[in-house]
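Visitor: Heads up, the sequence shown is in our numbering, so the first residue is 9 and it goes up one at a time.
For glycine and all other residues, C-beta sits at the position ideal for the given N, C-alpha and C.
Predicted model only: the values in this text are computed from it and were never measured.
What follows is a single structure, and I will ask about it in a moment.
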Amino acid sequence: MTSSIATVPVNPEGATKILVLGATGATGRLIVNQAAARGYDVTVLVRSAGKASDITGAKLIVGDARDETALREALKGREAVVSALGTPVSLFREVTLLSTATRALVSAMKAEQVSRLVCITGMGAGDSAGHAGFVADNVIFPLLLKKVYADKNRQEAIVRDSGLDWILVRPSILNNKPGRGSVRALTDLSGFHGGSIAREDVATFVLDQVRADTWLHRSPLITW
9 MTSSIATVPV NPEGATKILV LGATGATGRL IVNQAAARGY DVTVLVRSAG KASDITGAKL
69 IVGDARDETA LREALKGREA VVSALGTPVS LFREVTLLST ATRALVSAMK AEQVSRLVCI
129 TGMGAGDSAG HAGFVADNVI FPLLLKKVYA DKNRQEAIVR DSGLDWILVR PSILNNKPGR
189 GSVRALTDLS GFHGGSIARE DVATFVLDQV RADTWLHRSP LITW
């Protein structure tokens, strides 16, 4: 399925109020910038104010995304959450950040009565495993990203079981090229093996899901 992505959708109901997690990452920054350009009311929760000093157009709250108390504070008055949380490669140590933070987030969202969650995971998570291309599937994932993707799988399971209005977005290999303004959004991966997409287009697609139900309770893989 090909999906055109709007850059500045009209919102007749007033400013959409969102919380962005992972806002200091490369994709997260684009999400914040684009949300501000759409006129959204944006809050970001970051661990370090210093790393977020150049983020504009958003209310900054300092706290740990694994801390339910901090999450509840950041969620007050919000209508939706966009999670762009990432984690570094770990060859030997277990990765738990994504699942721990997502478990705390789900609990906090229920407590604050926020139902919409758009969560970025990645190509190779869940039933998209084995569709990233020969090198990725046989070298990169098993040797470098095995522990990261084990946690992404736990993260996805938590989201699926949350009872929230969730959408899991699985980008193909990310690049920093200019966006094309459209993506392919796939759930049937028959014959699909690998692909790439601009972070800019990922950010736009993700923000579109804040108000759209096209992919509600589904896990589209997005690519060019």
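#1: Residues in its own chain within less than 7 Å of VAL214 by CB, not counting five upstream and five downstream?
#2: Can ALA88 and VAL122 be called in contact, C-beta distance under 8 Å?
#3: Go through its chain and collect everything with a Cβ distance to VAL54's Cβ below 7 Å, but skip five positions before and after it.
#4: Three-state secondary structure (DSSP) at ASN184?
#5: What residue range is occupied by the uninterrupted beta strand (DSSP E) comprising ASP49?
#6: Nearest to GLY189 by alpha carbon, out of VAL210, THR51, ARG37?
#7: As an exercise, report each continuous alpha helix (DSSP H) stretch of at least 4 residues that is fully enclosed by the segment 144-218, in chain order.
#8: If you drop the 5 nearest sequence neighbours on each side, which residues of the same chain put their C-beta closer than 6 Å to that of ALA66?
#9: Would you decide whether LYS160 is buried or exposed? Buried here means 16 or more other CB atoms lie within 10 Å of its CB.
#10: CB-CB under 7 Å to GLY134, same chain, minus the five flanking residues each way: which ones, in chain order?
#11: From the DSSP secondary-structure annotation, give me the bridge partner or partners of VAL90.
#12: Quick one: what's VAL70 bridged to in DSSP?
#13: Go through its chain and collect everything with a Cβ distance to THR231's Cβ below 6 Å, but skip five positions before and after it.
#14: LEU39 by DSSP, collapsed to three states: which one?
#15: Since LEU229 is in the beta strand (DSSP E), which residue starts that stretch and which ends it?
#16: Roughly how many angstroms lie between the CA atoms of ILE166 and THR195, to the nearest whole one?
#17: From the DSSP output, in three-state form, read off ASP135 for me.
#18: Please name the residue in THR35, ASP62, ALA137 whose C-alpha comes closest to that of HIS201.
#19: Can you say whether PHE142 is buried or exposed, counting buried as having 16 or more other CB atoms within 10 angstroms of its CB?
#20: State buried or exposed for THR24, treating a residue as buried only when at least 16 other CB atoms are found within 10 Å of its CB.
#21: Closest to SER170 by C-alpha separation, out of THR212, VAL97, ALA112, would be which residue?
#22: Please tell me whether LEU83 and THR95 are closer than 8 Å, where the distance is taken between their beta carbons.
Guide: In terms of the structure at hand:
#1: As a first step, residue 214 is located in the sequence shown; it is residue number 206 there, counting from the start. Excluding its 5 nearest sequence neighbours in each direction, VAL214 has C-beta neighbours in its own chain below 7 Å: ILE39, VAL90, VAL126, ILE128, VAL177, listed in chain order.
#2: Counting from one through the sequence shown, the residue named residue 88 turns up at place 80. Counting from one through the sequence shown, the residue named residue 122 turns up at place 114. Yes, these two residues count as a Cβ contact at 8 Å.
#3: Taking the first residue of the sequence shown as position 1, residue 54 is located at position 46. Within the same chain, VAL54 has close Cβ partners ALA31, THR32, ALA60, LEU68, VAL70.
#4: On the sequence shown, position 176 is the one that residue 184 refers to. Per DSSP, reduced to three states, the secondary structure at ASN184 is coil, with no helix or strand assignment.
#5: Within the sequence shown, the letter at position 41 stands for residue 49. Its beta strand (DSSP E) spans residues 49-54.
#6: Here the question's residue 189 lines up with position 181 in the sequence shown. Closest option to GLY189, Cα to Cα, is VAL210.
#7: Given a length threshold of 4 residues, each whole run of the alpha helix (DSSP H) inside the segment 144-218 is given here in chain order: 154-168, 207-216.
#8: As a position in the sequence shown, residue 66 is number 58, starting the count at 1. Taken in chain order, the residues that qualify are VAL40, VAL50, VAL52.
#9: On the sequence shown, position 152 is the one that residue 160 refers to. Burial call: buried.
#10: As a first step, residue 134 must be located in the sequence shown, where it is residue number 126. These residues qualify, in order along the chain: ASN161, GLU164, SER227.
#11: Along the sequence shown, read from residue 1 onward, the residue named residue 90 stands at position 82. Paired residue(s): VAL28, VAL126.
#12: Sequence index remark: in the sequence shown, residue 70 carries index 62 (1-based). Residue pairing of VAL70 in beta bridges, as defined by DSSP: VAL54.
#13: In the sequence shown, residue 231 corresponds to position 223, counting from 1. By the criterion of a C-beta distance shorter than 6 Å, THR231 is surrounded in its chain by SER180, ARG192, GLY203, ILE205, once the five residues flanking it on both sides are discounted.
#14: The residue given as residue 39 occupies position 31 in the sequence shown. The question names Leu, but residue 39 is Ile in the sequence shown. The answer is helix: DSSP assigns ILE39 an H, G or I state.
#15: Within the sequence shown, residue 229 is the residue found at index 221, counting from 1. Taken as a continuous stretch (DSSP letters only), the beta strand (DSSP E) holding LEU229 covers 229-231.
#16: Within the sequence shown, residue 166 is the residue found at index 158, counting from 1. Within the sequence shown, residue 195 is the residue found at index 187, counting from 1. The straight-line gap from Cα to Cα measures roughly 19 Å.
#17: Here residue 135 refers to the residue found at position 127 when the sequence shown is read from its first residue. Taken through DSSP and simplified to helix, strand or coil, ASP135 comes out as helix.
#18: Position 193 of the sequence shown holds residue 201. Out of THR35, ASP62, ALA137, ALA137 has the C-alpha closest to the C-alpha of HIS201.
#19: The residue given as residue 142 occupies position 134 in the sequence shown. So PHE142 ends up on the exposed side.
#20: The sequence position of residue 24 within the sequence shown is 16, counting from 1. Classification for THR24: buried.
#21: The sequence position of residue 170 within the sequence shown is 162, counting from 1. Residue ALA112 is the option with its Cα nearest to SER170.
#22: On the sequence shown, position 75 is the one that residue 83 refers to. On the sequence shown, position 87 is the one that residue 95 refers to. For LEU83 and THR95, no; Cβs fall outside 8 Å.
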